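Here is the structure we will look at, set down as structure tokens.
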Amino acid sequence: MNRRTLLALSAATLAAPAMAADRDPLAGLTVINALGGLHDPNFPEPPKPGLTPRILKDAQASGLTAVNVTLGYVAGPDEPFQKSVAEVAQYDALIRAHPADLLKVLTAADIARARAERRVGLIYGFQNAAMMGDDPARVDIFADLGVRIVQLTYNLRNQLGDGAIVPEGRGLTPFGHQVVERLNANRLMVDLSHSGRQICLDAARASKQPISINHTGCRALTDLPRNKTDEELRLVAERGGFVGIYFMPFLNLSGHARAVDVVAHIEHALNVCGEDHVGIGTDGGTTPIDDLEAYKVALRKEHEDRKAKGIAAPGERADTHPFVDDLRGPDQFRKLYRLLAERGHKPARIEKILGGNFVRYAKDVWGA
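With this note's numbering applied, the sequence shown covers 1 to 368.
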């Protein structure tokens, strides 16, 4: 080996770590946010779904493949069925207006298609099943409209059972059983985020298909109603389901969760559920707030509105942020990947957490 060759090899060896450090850890990965959205928190919420160039740019830059977007009735004075039908139509119009950028996800194959075509897949999801009224056959209507995830309750009580902050903790009602049966028949995901403990356990046992808890934390680490007990987490996993950990203040009793808290809750869920059943459902978007100090005014107003509606959960305060300060914006998924890697988690496991486990679950419920 001559001197020139030796110097070239030495230079390549020295450059290798730097090149590895610059490599995008999300390259080739499927990244699924099991509960999130496409919105810009720097501006008031528009009256209907809107998509600015910045929102789209941030979502694409984040490496996001698909996201479960909340539409339809959640809480408030609107008529639940009418509002839900109207918002499905609004999101359909949004996708028609951006066909090169967005894709409506109906099957697991659509997630693969979104990644291949470099579009962002939108999974239509409800965070309250109140729009079913007293007719479980309404599930058929929403299935035909393309809704793919139905969360049974929000924080309060509805006709299916009790939400997370209802002290009585009523389980799945007879009507709730009918709705779950209809969701199974239509191969829709049954989501127990925001639910009380008993309805979660009841639904996991009643459902003929695996269920999910798309955005939650672990009660064993932070004892708040929005987080799930090990009993709930374990049962969902044992029956083949999916658990998404959120980037929310409920991960820390201070109300100001950090990236280290997200990692801790993911690791606890891995220990309870196994590595094939844990993912992420951030409960947020990929466009960050530019001025946190100015946004505090909007946060206080939002908190007062949630209190007035009776849907604010323990752990929410006027000074809490509905996100993790050091795990937000377009780099959030890359940062989480690196944090998990630093903790010793291998790439194959991290790939499952960031999207692979949701895809596996989607195939089981929706079909390939």
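Even glycine gets a Cβ: it sits at the ideal position worked out from N, Cα and C.
Owing to the predicted nature of the structure, the values given are computational and were not obtained by experimental measurement.
- For the pair residue 334 and residue 41, the CB atoms are not nearer than the 8 angstroms cut-off.
- Around residue 266, the same chain offers 245 as residues with beta carbons nearer than 6 angstroms, after the five sequence neighbours per side are excluded.
- For residue 24, there is no enclosing alpha helix (DSSP H), as DSSP marks it with neither H nor E.
- Of the candidates 143, 344, 361, 337, the residue whose Cα lies closest to the Cα of residue 23 is 337.
- Around residue 127, the same chain offers 70, 74, 151, 154 as residues with beta carbons nearer than 6 angstroms, after the five sequence neighbours per side are excluded.
- As computed with DSSP, residue 158 is found in a beta bridge with 161.
- With respect to residue 179, residue 211 sits apart: the two C-beta atoms are not nearer than 8 angstroms.
- Under the criterion of beta carbons closer than 8 angstroms, residue 227 and residue 219 qualify as touching, at roughly 4 angstroms.
- Contact annotation: the segment 257-264 touches the segment 337-347, with at least three C-beta pairs closer than 8 angstroms.
- Residue 184 places its beta carbon 8 angstroms or farther from that of residue 140.
- Bridge partners of residue 212 according to DSSP: 191, 242.
- Where residue 337 is concerned, the enclosing alpha helix (DSSP H) starts and stops at 332-342.
- Collapsing the DSSP output to three states places residue 301 in a helix.
- Around the beta carbon of residue 232, a 10 Å sphere encloses 16 or more other beta carbons of the protein chains shown; the residue is thus reported as buried.
- By the beta-carbon neighbour count (other beta carbons within 10 angstroms, threshold 16), residue 297 is exposed.
- With 16 or more other CB atoms across the displayed protein chains lying within 10 angstroms of its CB, residue 162 is buried.
- Here the C-alpha atom of residue 350 lies approximately 38 angstroms from the C-alpha atom of residue 304.
- Check the Cα spacing between residue 160 and each of 323, 194, 142: the tightest is with 194.
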